[in-house]
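FYI, the numbering used here numbers position 184 of the sequence shown as 195, with every residue one higher than the one before it. Note that CB positions come from ideal geometry on N, CA and C, so glycine has one too.
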Amino acid sequence: MHGAGDVRIETVPDAAINDSTDALIRVTHACICGSDLWPYALMQASDPARVMGHEAIGVVEDVGADVQTLVRGDLVVMPFAFSDGTCIFCGEGLQTSCLHGGFFGNPEVAGAQAEAVRVPQADGTLVKLPVREDDALMPSLLTLSDVMGTGHHAAVTARVREGGTVAVVGDGAVGLCGVVAAKRLGAEQIVIMGRHADRTTLARELGATDVVSERGEEAVERVRGLTGGLGVSSVLECVGTEQSIATAVAIARPGGAIGRVGVPHYDAIPSAQPTFYGNVTISGGPAPVRAYIEELLPDVLEGRLDPGRVFDRVIGLDDVPEGYRAMNDRESIKVLVTP
Ligand SMILES: [Zn+2]
12 MHGAGDVRIE
22 TVPDAAINDS
32 TDALIRVTHA
42 CICGSDLWPY
52 ALMQASDPAR
62 VMGHEAIGVV
72 EDVGADVQTL
82 VRGDLVVMPF
92 AFSDGTCIFC
102 GEGLQTSCLH
112 GGFFGNPEVA
122 GAQAEAVRVP
132 QADGTLVKLP
142 VREDDALMPS
152 LLTLSDVMGT
162 GHHAAVTARV
172 REGGTVAVVG
182 DGAVGLCGVV
192 AAKRLGAEQI
202 VIMGRHADRT
212 TLARELGATD
222 VVSERGEEAV
232 ERVRGLTGGL
242 GVSSVLECVG
252 TEQSIATAVA
262 IARPGGAIGR
272 VGVPHYDAIP
282 SAQPTFYGNV
292 TISGGPAPVR
302 AYIEELLPDV
312 LEGRLDPGRV
322 FDRVIGLDDV
332 PEGYRAMNDR
342 ESIKVLVTP
């Protein structure tokens, strides 16, 4: 990505082992993320170009001398953040705060919308998959890189419980995975808030019980109307705009919790006094998807979860610029890339 709206497929120096803890992965499956659309809208042409992409499944081609757990030929899924698996925060299941970790798809660590990617801290980061690279489960397994784990994190930090009432703000792939996660955790009422009919229809198929397509104050009134005037116990905030966080805090009931997973593009969380007097917990952040892969993987392998349904287009590497356009124009929910 060279700037806003400017994505090109270029020949760059080959990914290679730099550090003894690296692995080199041949990417079999990657995808475009809703969060990639932020730089697609806002990146300055003066910023350094970035190899984008932080979600992938691939085959290990090479490992550094200190990599213990992986060998050439292993099929692995890559979380959107790398982590050593050994520091205090990794031990607490918060790998996105790893003391030796970081993120893919930036000027320092190249991304996975590519033929190959260097994975730092390979032992801590990568998870082996017990299937072949042509398995029909690949789309669902790929969501464990980010969107399914992120939707799950929204649900966990919003304290979704058996029988609970949930609202999901945002009908993108993360919001849809939030619906999947809320249903998996036993929520009884799941309100999807979004304006795109194709997405909210899919949300219903995935477990949403109600659709609210209004915005702002009207949306708040609709959610109150659906919950006996109380608001919901759990809000999954999956957008990250000023309006979406304002809606999230307005629909949380007293004692409720908000799980924020939309990268915030606002400066302050609103409604300090109402959330204070309502004892509303505001939580969330970048999902430690590495911690969640082990929890969610059996459900995907055994067919209980099908988050791969968020993919509605499959393209090759050369069509990635068109994939960004399609997602940006809301023609596509999420684009799978097969380099
Ligand atoms: Zn760590």
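Beta-carbon proximity list for residue i, same chain, < 6 Å, skipping 5 on both sides
| i | result |
| --- | --- |
| Ala257 | Pro281 |
| Gln79 | Asp134 |
| Ala193 | Ala166, Val171, Val177 and Ile201 |
C-alpha gap between residue i and residue j, whole angstroms
| i | j | result |
| --- | --- | --- |
| Glu66 | Val185 | 13 Å |
| Pro275 | Ala127 | 30 Å |
| Val70 | Thr238 | 48 Å |
| Gly160 | Ala147 | 20 Å |
| Ala178 | Phe115 | 30 Å |
| Gly327 | Leu187 | 24 Å |
| Val246 | Leu140 | 32 Å |
| Val167 | Pro118 | 31 Å |
| Thr292 | Val120 | 34 Å |
| Pro285 | Val325 | 45 Å |
For residue i, the residue or residues it bridges with in DSSP
| i | result |
| --- | --- |
| Ser294 | Gly270 |
| Ser245 | Val177 and Ala268 |
| Asp73 | Leu35 |
| Val348 | Ala41 and Ile326 |
| Phe114 | Ala92 |
| Met204 | Val180 and Val223 |
| Ile68 | His40 and Val88 |
Neighbourhood of residue i by C-beta distance below 7 Å, restricted to the same chain and skipping five residues each side
| i | result |
| --- | --- |
| Asp317 | Ser151 |
| Ala41 | Gly64, Glu66, Ala67, Ala123, Gln124, Val348 and Pro350 |
Pick from the options that is closest to residue i, judged by C-alpha positions
| i | options | result |
| --- | --- | --- |
| Leu153 | Tyr335, Pro332, Leu217 and Leu312 | Leu312 |
| Val18 | Gly96, Gly240 and Pro332 | Pro332 |
| Thr39 | Asp145, Asp30 and Met12 | Asp145 |
| Arg37 | Tyr51, Ala261, Leu308 and Arg83 | Arg83 |
| His164 | Pro309, Thr107 and Arg324 | Thr107 |
| Gly162 | His111, Arg271 and Ala56 | Arg271 |
| Ile344 | Ser244, Ala198, Ser46 and Met12 | Ser46 |
| Asp58 | Phe322, Gly14, Val87 and Leu35 | Gly14 |
| Ala263 | Asn29, Gly251 and Gly240 | Gly240 |
Beta-carbon proximity check, residue i vs residue j, cutoff 8 Å
| i | j | result |
| --- | --- | --- |
| Ala125 | Pro350 | yes |
| Gly242 | Ser255 | no |
| Asp8 | Gly96 | With the chain running from 12 to 350 in the structure shown, residue 8 is simply not present. |
Own chain residues within Cβ distance below 8 Å of residue i, not counting five before or after
| i | result |
| --- | --- |
| Asp329 | Ile20 |
| Ala337 | Arg324, Ser343 and Val346 |
*Closer than 5 Å from C-beta to any heavy atom of ligand 3: which residues, in chain order?*
Ligand 3 is absent from the structure shown, which contains only ligand 1.
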